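Novice: Numbering (our numbering), first residue to last: 1 to 375.
Ideal placement from N, C-alpha and C gives every residue a C-beta, glycine not left out.
Quick caveat, the model's predicted, so the values are computed rather than measured.
Handing you a structure now.
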Amino acid sequence: MKIGIDARNLTASFSGIGRYLTEMARHLSLAGHQLILYMPSPPAQPLPSDFIVTSRVDAPVRTSAIRRHIWGQITLPRQIAEDKLDVFWGPAHRLPLSMLKTVARVVTIHDLVWYYHGQTMRRSGWVADRLLMPRAIATADIVVADSNATVDALHDVLAVPHAKMRIVYPGTTADVAANTVTPSLPQGLDRPFVLFVGTLEPRKNLERLLMAYAALAPELRRACPLAIAGAPGWRQRNVADLVAELDLIGSVKVLGFVSEAMLDSLYRHCRFVAFPSLYEGFGFPIIEANRVGKPVLTSANSSMIEVVGDAGVLVDPFDINSIADGLFRLLTDEPLYETLSARTQPNAARFDWADSAQKLIDCFQQAMAQRADRT
């Protein structure tokens with residue numbers, strides 16, 4: 001199968017969607033399919049060496065949001081026609097509105113942040129999702145969602161027929177390479193610690209997490225500091241200022257962006273992961289923590305309920321007391337902690353990239369069959 005992929009998300013800093021795209025492309029390639037990655041500018045980091053793809057990087061380089069949208073609607077359809085694809089996949093909410101009629105098309109929708117929590121998005125991203133997501137869905141032969149929660153949201157908000165949608169869960173990223181040097185943990189994390197992982201932006205709810213952590217007894221905070229791993233995002237209050245304001249200096253370690261090797265080490269050495277996000281389409285930190293045997297505090301909404309399963313504590317992300325109570329239970333209730341820990345790896349085993357890629361291939365084949373029937 002000759003598969004074209006909109007790979008524009010590989011040209012920005014590595015994110016959840018970037019990880020999703022990289023792992024899916026790797027496993028599609030390993031399954032023997034020919035991939036062409038289309039990008040408006042060079043990738044932000046080298047593509048992995050263990051899968052074979054053809055890359056079409058546009059020239060001149062297009063970096064502004066408007067130029068990237070123009071690339072996606074004008075240049076990309078022309079390239080798709082030139083390459084005589086069997087199927088084109090938009091892995092993140094976008095499809096060209098005009099495309100060669102014989103090419104099957106599949107789009108993945110990760111979430112509906114623009115509808116449920118639009119105030120947490122950049123204005124340009126909100127406008128683009130609000131306008132282009134419904135059109136991509138209308139254009140697609142098959143719509144792929146990361147979770148049952150996203151399928152339900154698409155049906156409720158945009159009236160997408162269930163018959164048009166397929167659920168394909170992402171997988172868990174494999175262990176870091178055996179020859180990778182394990183980095184030393186940052187100073188102050190030589191004892192059990194709570195770990196937050198995510199881009200520092202309002203939707204990740206870091207401010208309420210810090211306020212809940214500040215509500216814990218000082219002796220608990222001394223025994224178990226909070227480590228924050230993630231790159232700065234959009235409209236997030238300065239974390240150092242928040243830490244000082246809440247009198248948490250010495251109890252909170254702000255690590256910034258960390259390497260994959262460091263992130264793996266943090267997951268393995270933490271007591272648990274705190275991820276009380278306001279809304280998620282999936283929630284990679286949940287299964288990344290579970291994969292190495294660590295339970296998760298997460299939110300009782302959207303996809304997080306189905307992803308964490310029975311391997312974590314659910315809280316109300318808008319209620320600081322609820323978050324604080326969840327932190328307290330995971331820090332002090334050893335029978336609960338041991339029970340949840342025992343469930344983590346069986347839960348993570350539900351999410352496998354090879355299985356995910358095969359289900360996506362099935363979607364491509366269904367889209368091709370539908371397209372053939374109509375042309």
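Rounded to the nearest angstrom, what separates Tyr378 and Leu278 at their Cα positions?
Specialist: In the structure as shown, the chain begins at 1 and stops at 375. Residue 378 is therefore absent and cannot be evaluated.
Novice: Along the alpha helix (DSSP H) that carries Gly326, what are the first and last residues, could you check?
Specialist: Indexing the sequence shown from 1 puts residue 326 at position 326. Per DSSP, Gly326 belongs to the alpha helix (DSSP H) from Ile320 to Thr332.
Novice: Could you tell me which uninterrupted alpha helix (DSSP H) segments, each at least 4 residues in length, are contained entirely in the region 247-322, listed from first to last along the chain?
Specialist: As far as the region 247-322 is concerned, its whole alpha helix (DSSP H) runs of at least 4 residues are 260-269, 284-291 and 304-308.
Novice: Please report how far the alpha carbon of Arg237 lies from the alpha carbon of Leu158, in whole angstroms.
Specialist: In the sequence shown, residue 237 corresponds to position 237, counting from 1. In the sequence shown, residue 158 corresponds to position 158, counting from 1. So the alpha carbons of these two residues sit roughly 33 angstroms apart.
Novice: What residue range is occupied by the uninterrupted alpha helix (DSSP H) comprising Leu137?
Specialist: Counting from 1 along the sequence shown, the entry for residue 137 is found at position 137. Per the sequence shown, the amino acid found at residue 137 is Ile instead of Leu. Residues Arg123 to Thr139.
Novice: Which residue wins for smallest C-alpha separation from Gly309, given the options Leu340, Asp333 and His33?
Specialist: Numbered from 1 along the sequence shown, position 309 holds the residue referred to as residue 309. Closest option to Gly309, Cα to Cα, is Leu340.
Novice: What's the C-alpha gap between Thr22 and Ser49?
Specialist: Here residue 22 refers to the residue found at position 22 when the sequence shown is read from its first residue. Here residue 49 refers to the residue found at position 49 when the sequence shown is read from its first residue. In a straight line, the C-alpha of Thr22 is about 11 angstroms away from that of Ser49.
Novice: Looking at the structure shown, is Arg26 part of a helix, part of a strand, or coil, going by DSSP?
Specialist: In the sequence shown, the residue the question calls residue 26 occupies position 26. Helix.
Novice: Contact defined as beta carbons within less than 8 angstroms: I believe Leu189 pairs with Ala229. What is the distance between those atoms, to the nearest angstrom?
Specialist: Within the sequence shown, residue 189 is the residue found at index 189, counting from 1. Within the sequence shown, residue 229 is the residue found at index 229, counting from 1. Wrong, their Cβ atoms sit about 11 angstroms apart, outside the cutoff.
Novice: To which residues does DSSP link Asp6 through a beta bridge?
Specialist: For the purposes of this step, residue 6 is taken as residue 6 along the sequence shown, with counting starting at 1. Paired residues: Tyr38.
Novice: DSSP state of Ile17, grouped into three classes?
Specialist: Walking along the sequence shown from the start, residue 17 turns up at place 17. Here Ile17 sits in helix by DSSP.
Novice: Is Ala178 helix, strand or coil by DSSP?
Specialist: Within the sequence shown, the letter at position 178 stands for residue 178. Low local confidence applies: a pLDDT of 49 at Ala178 is under 50, so the model's placement there is unreliable, with the coordinate-based value given in what follows. Reduced to three states, the DSSP call for Ala178 is coil.
Novice: Who are the near neighbours of Ala178 in its chain, counting only those whose CB is closer than 7 angstroms to its CB and skipping five residues on each side?
Specialist: If you number the sequence shown from 1, residue 178 lands on position 178. A caution first: Ala178 carries a pLDDT of 49, below 50, which makes its placement in the model too unreliable to give a value.
Novice: Starting from Gly90, follow its DSSP beta bridges and name the residues at the other end.
Specialist: On the sequence shown, position 90 is the one that residue 90 refers to. Paired residues: Val107.
Novice: Hey, out of His269, Thr298, Asp264 and Met304, whose CA is closest to Glu288's CA?
Specialist: Counting from one through the sequence shown, the residue named residue 288 turns up at place 288. It is Asp264.
Novice: Checking contacts by CB at 7 angstroms: is Gly18 closer than that to chain D?
Specialist: Protein chains in the displayed structure number just one, and chain D is not present.
Novice: How far does the alpha helix (DSSP H) with Met368 in it reach, from first residue to last?
Specialist: Counting from 1 along the sequence shown, the entry for residue 368 is found at position 368. Note, Met368: alpha helix (DSSP H), Trp353 to Arg374.
Novice: Do the region 147-167 and the region 298-305 touch if we need at least three Cβ pairs shorter than 8 angstroms?
Specialist: At 8 angstroms Cβ cutoff, the stretches touch.
Novice: Which partner residues of Thr75 appear in the DSSP bridge assignment?
Specialist: For the purposes of this step, residue 75 is identified with residue 75 of the sequence shown, where counting begins at 1. For Thr75, which the question treats as bridged, DSSP gives no partner whatsoever.
Novice: By alpha-carbon positions, which one of Thr139, Ile109 and Gly4 ends up nearest to Leu154?
Specialist: Residue 154 sits at position 154 when you count from the first residue of the sequence shown. Ranking the options by Cα distance to Leu154, first place goes to Ile109.
Novice: In its own chain, which residues sit with a C-beta less than 8 angstroms from the C-beta of Ala12, not counting the 5 before and 5 after it?
Specialist: For the purposes of this step, residue 12 is identified with residue 12 of the sequence shown, where counting begins at 1. Answer for Ala12: Gly18 and Ala44, listed in chain order.
Novice: With the cut-off set at 7 angstroms, would you say Pro77 and Pro96 are in Cβ contact?
Specialist: Here residue 77 refers to the residue found at position 77 when the sequence shown is read from its first residue. Here residue 96 refers to the residue found at position 96 when the sequence shown is read from its first residue. Yes, Cβ-Cβ distance for Pro77 and Pro96 is below 7 angstroms.
Novice: With C-beta atoms as the reference, is Pro161 less than 7 angstroms away from Phe193?
Specialist: The sequence position of residue 161 within the sequence shown is 161, counting from 1. The sequence position of residue 193 within the sequence shown is 193, counting from 1. Contact: no.
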